[in-house]
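One structure below.
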Amino acid sequence: MIVVSTLLMLLIGSAFAVLFRSVADLRATQRLAQQSQGLLMAVNQVQRQFFNLETDARGYALTGQPQYNTRWQVAQAAFPKEAVALTRLAGSNAEQRSTAERIQQTGMAYIKEHPISSGSAAKYDSPTKQRTTTSERDDWRAEPIRDAFHRIMATEQSLATAREERAEATANRAIAATVGGLTGSVLLITAFAGYILRAIVHPVRQTAAMADRLANGDLKARTPETGAGEVGVLERSFNRMADSLQESHAELSTSRSRILAAADQARRRIEHDLHDGAQQQLVALVLELKTAQSVIPTAQPELKAKMSRAAERLVGVLDDLRELSHGIHPAVLSKGGLPPALRALARRSPVPVELDVQVPQRLPERIEVAAYYVASEALANTAKHAQASYARVSARADDDVLYLSVHDDGVGGAALGRGSGLVGLTDRIRALGGTLTLRSPERQGTTVQACLPLTEA
Ligand SMILES: Nc1ncnc2c1ncn2[C@@H]1O[C@H](COP(=O)(O)OP(=O)(O)OP(=O)(O)O)[C@@H](O)[C@H]1O
Ligand SMILES: [Mg+2]
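Heads up, the sequence shown is in the numbering used here, so the first residue is 1 and it goes up one at a time.
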């Protein structure tokens, strides 16, 4: 990334440097072209002035008319100023400057030494006499000035041509730098974007998707560790975090299951102790009382009635004890499995219960116990809170899962957290790797559904 950024910087920097340089060159060339134009105009001006001088001098020499003399005077006055301006304009180029100076000097000398300037009008009194000689002498004197005019213009034109060529080369260089810089930048930016997409955007997106799956409970979500630099660190950290989350989750499930199994075993032992201990003794006591009652003489009806009441109360205590031990751990579940245990629950429910049980085989004990508690708590809730006219218990097991649902047509509005029954069930089912769902819209009944995997995770 650093290499590409540096390359991009260098490329764009060089392209701009060339462009700036070319623009500066072009501006300088443009300035010189303007100067050159000014110089050529000045040369034209001075040349015209000089031609005027020549023409007027010749006209005066040939015709002797005073208007030529007057015009000569005007041109004579204007020439030095224009010649000086020309010299100033030619200032930057030594050769042109010296030619301009020569024009100035020879021009001034021409004017100064011309017979008209010296006021020798007499020499011109008979113009026709001197026509030929004067013209020849003027031509001879004007020749070097004409040459200088010619040279200064030719040199300026060749300078202009050279400048044009240089300007064209500069413009071409600027175009090449722009096109090269632009193409290089586009290529580098495209390559850079591709690299960022492949090396950063794609892995970060993938890690974000995995984080989303993890957040939604998929603890197996992992991201490929292919990124470089910080992205690679991010991917590895994410995977380590997911590993440790999965381990903690597994440990938590195991310890939950252990606690549940221990609690269930304790309940079973208590139920067993009650059944074989207190209950048996109470049954024996009832039988003894009944035997004692049968041998009481009829002359003592009061004693007989007391004994009978005591026996009845003992039977009542025995029933209570049976009910209690059933709640602790139903012996019928251990003996006959889920269908008879659910039937016993339905029988004891004060709300009429429809049963639909399709569980042909015995299930693992932890599953049977959990399913029994779900049905037991849901039916108890129906009786306590639902004001329902009926309840329906359905159970269906295939090779892998047991589905159990308890539905009532009561008032609805059940929610986790207001008591401990439904929360405890949720914990129990989760500890077995299953799910418990509660649907209880207001006035539309309540459904508790448990889904329990039959194989251990
Ligand atoms: N079948 C139902 N119909 C209407 N409301 C219900 C039903 N089941 C539960 N509820 C409501 O949901 C709440 C939570 O039930 P939960 O079984 O967790 O607690 P509880 O029955 O109040 O107390 P606990 O079960 O600990 O003796 C109840 O207090 C009750 O208001
Ligand atoms: Mg409850």
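Ideal placement from N, C-alpha and C gives every residue a C-beta, glycine not left out.
8 angstroms Cβ cutoff, residue i in contact with chain C
i	result
residue 91	Absence of chain C from the displayed structure is noted, only one protein chain being present.
Residue i, DSSP secondary structure in three states
i	result
residue 124	In this predicted model, residue 124 has a pLDDT of only 46, less than 50, meaning its place in the structure is not dependable; the value taken from the coordinates is given anyway. In this structure, residue 124 counts as helix in the three-state DSSP scheme.
residue 407	strand
residue 467	The structure shown does not extend to residue 467, since the chain is modelled only from 1 through 457, so no value can be given for it.
residue 360	coil
residue 99	helix
residue 353	strand
residue 453	strand
residue 396	strand
residue 178	helix
residue 221	coil
residue 167	helix
residue 333	helix
residue 311	helix
residue 86	helix
residue 426	helix
residue 446	strand
residue 141	helix
residue 161	helix
residue 437	strand
residue 154	helix
residue 211	helix
residue 432	coil
residue 415	coil
residue 391	strand
C-beta contact flag for residue i and residue j at 8 angstroms
i	j	result
residue 388	residue 408	yes
residue 116	residue 52	no
residue 100	residue 87	yes
residue 166	residue 33	no
residue 83	residue 107	yes
residue 149	residue 103	yes
residue 207	residue 230	no
residue 414	residue 446	yes
residue 453	residue 424	no
residue 438	residue 450	no
residue 526	residue 199	Absent from the model: residue 526. The displayed extent of the chain is 1 to 457, so no value can be given.
residue 458	residue 292	No statement about residue 458 is possible, as the shown extent of the chain runs from 1 to 457 and does not include it.
residue 318	residue 282	yes
residue 95	residue 155	yes
residue 363	residue 391	no
residue 160	residue 36	yes
residue 401	residue 448	no
residue 109	residue 54	no
residue 271	residue 328	yes
residue 50	residue 145	yes
residue 238	residue 211	yes
residue 381	residue 417	no
residue 353	residue 324	no
Residues near residue i in its chain [Cβ-Cβ closer than 7 angstroms; skip 5 each side]
i	result
residue 477	Since the first residue shown for the chain is 1 and the last is 457, residue 477 is missing from the structure and cannot be characterised.
residue 350	383
residue 339	357, 359
residue 370	428, 429, 432, 452
residue 85	42
residue 47	149
residue 412	440, 441, 442, 443, 444, 445, 446
residue 126	Because residue 126 carries a pLDDT of 48, less than 50, the predicted location of this residue cannot be relied on, and no value is offered for it.
residue 342	355, 357, 375, 393, 395
residue 72	53, 56, 57, 60, 116
residue 470	There is no way to answer for residue 470, as the model of the chain reaches only from 1 to 457.
Residue i CB to nearest heavy atom of ligand 4 below 7 angstroms
i	result
residue 413	As presented, the structure is devoid of ligand 4, carrying ligand 1 and ligand 2 as its sole ligands.
Cβ neighbours of residue i in the same chain (closer than 8 angstroms, five flanking residues each side left out)
i	result
residue 205	none
residue 16	181
residue 485	One cannot answer for residue 485 here, as it falls past the ends of the chain, which runs 1 to 457.
residue 321	274, 278, 279, 282
residue 245	214, 219
Same chain only: Cβ atoms within 6 angstroms of residue i, ignoring 5 sequence neighbours per side
i	result
residue 192	4
residue 474	With the chain running from 1 to 457 in the structure shown, residue 474 is simply not present.
residue 89	38, 39, 42
If contact is defined by three or more beta carbon pairs under 8 angstroms, each pair taking one atom from either stretch, is the region 303-316 in contact with the region 342-354? With a cut-off of 8 angstroms, the region 303-316 and the region 342-354 do not count as touching, because too few Cβ pairs lie within range.
In chain order, each beta strand (DSSP E) run of at least 3 residues that lies wholly inside the region 251-298: Restricting attention to beta strand (DSSP E) runs no shorter than 3 residues, the region 251-298 encloses none.
Are three or more beta carbon pairs between the region 421-433 and the region 369-385 nearer than 8 angstroms? yes
Quick check on the DSSP output: what are the complete alpha helix (DSSP H) runs of length 4 or more inside the region 2-77, in order along the chain? 2-63
For the region 214-223 against the region 325-340, do three or more pairs of beta-carbon atoms, one drawn from each stretch, fall closer than 8 angstroms, so that the two count as touching? no
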